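Heads up: the structure comes next, in structure tokens.
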Amino acid sequence: MQPKKTDEILCPNPECEYYLKAEGKAIVKRGKYKTGHQRYYCKHCGKYFMETSGTAIYRKHLSKDKIRMIYRLFLEKNGIRSIERITGHHRDTISNLLKDTEKNEQTEDYLINKIGLTAKECDKLWKLLEMKKGKSRKSPK
Ligand SMILES: [Zn+2]
Numbered sequence: 006m007q008p009k010k011t012d013e014i015l016c017p018n019p020e021c022e023y024y025l026k027a028e029g030k031a032i033v034k035r036g037k038y039k040t041g042h043q044r045y046y047c048k049h050c051g052k053y054f055m056e057t058s059g060t061a062i063y064r065k066h067l068s069k070d071k072i073r074m075i076y077r078l079f080l081e082k083n084g085i086r087s088i089e090r091i092t093g094h095h096r097d098t099i100s101n102l103l104k105d106t107e108k109n110e111q112t113e114d115y116l117i118n119k120i121g122l123t124a125k126e127c128d129k130l131w132k133l134l135e136m137k138k139g140k141s142r143k144s145p146k
């Protein structure tokens with residue numbers, strides 16, 4: 006039996022044998038960061054990491070199928086509200102998922118290998134996310 010709280014936490018260390026692997030992982034809670042974030046420890050590689058480091062999207066209470074659907078709809082340029090209407094998920098869930106999708110190798114790996122997006126779709130996703138971020142941060146010139 007694994008403790009429930011760490012079920013969705015996977016090791017974000019690419020050097021680790023259990024990198025992003027759920028099966029056989031050994032991750033335990035070890036204190037907290039000053040920021041209040043839960044700190045985790047991977048017994049396999051001996052690294053500490055924050056719950057948000059590369060794990061943000063795994064913590065979402067969404068199945069892979071649903072995550073895939075949200076990304077696909079987003080890739081088809083659907084807005085948050087239409088994704089909400091189509092999937093029935095709350096717009097906060099959807100926008101948090103997109104907001105937490107950081108461009109890095111881990112996420113790309115996850116999206117391609119676990120979620121089933123193609124590399125091309127990933128590229129497009131990064132572009133769309135960047136545009137989205139740019140819009141919300143800066144006012145248009
Ligand atoms: Zn590890």
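All letters in the sequence shown, in the order written, are residues 6 to 146 by my numbering. Note that CB positions come from ideal geometry on N, CA and C, so glycine has one too. Note that this is a predicted model, so its numbers are computed, not measured.
Y23 Cβ short of 7 Å to ligand 1 heavy atom set: Locating residue 23 in the sequence shown gives position 18, counting from the first residue. Result yes, Cβ under 7 Å from ligand 1.
Three-state class that DSSP yields for Y23 in the structure shown: Here the question's residue 23 lines up with position 18 in the sequence shown. Y23 falls in the coil class under three-state DSSP.
Where the alpha helix (DSSP H) through K34 begins and ends: Here the question's residue 34 lines up with position 29 in the sequence shown. That residue, K34, is in no alpha helix (DSSP H); its beta strand (DSSP E) goes I32 to K37.
Three-state secondary structure (DSSP) of C50: For the purposes of this step, residue 50 is identified with residue 45 of the sequence shown, where counting begins at 1. Coil, per DSSP.
8 Å Cβ cutoff met for T92 and I75: Position 87 of the sequence shown holds residue 92. Position 70 of the sequence shown holds residue 75. The answer is yes: Cβ separation under 8 Å.
Where Y53 falls, given that 16 or more other Cβ within 10 Å makes a residue buried: Start at 1 with the first residue of the sequence shown, and residue 53 comes out as number 48. Under this definition Y53 is an exposed residue.
Cβ contact (3+ pairs, closer than 8 Å) linking the segment 41 to 53 and the segment 83 to 92: no
Between the CA atoms of V33 and G121 - distance to the nearest angstrom: By one-based count along the sequence shown, residue 121 stands at place 116. By one-based count along the sequence shown, residue 33 stands at place 28. Rounded to whole angstroms, G121 to V33 spans 28 Å at the Cα level.
Closer than 7 Å: N18 CB and nearest ligand 1 heavy atom: Counting from 1 along the sequence shown, the entry for residue 18 is found at position 13. Yes, the Cβ of N18 comes within 7 Å of a heavy atom of ligand 1.
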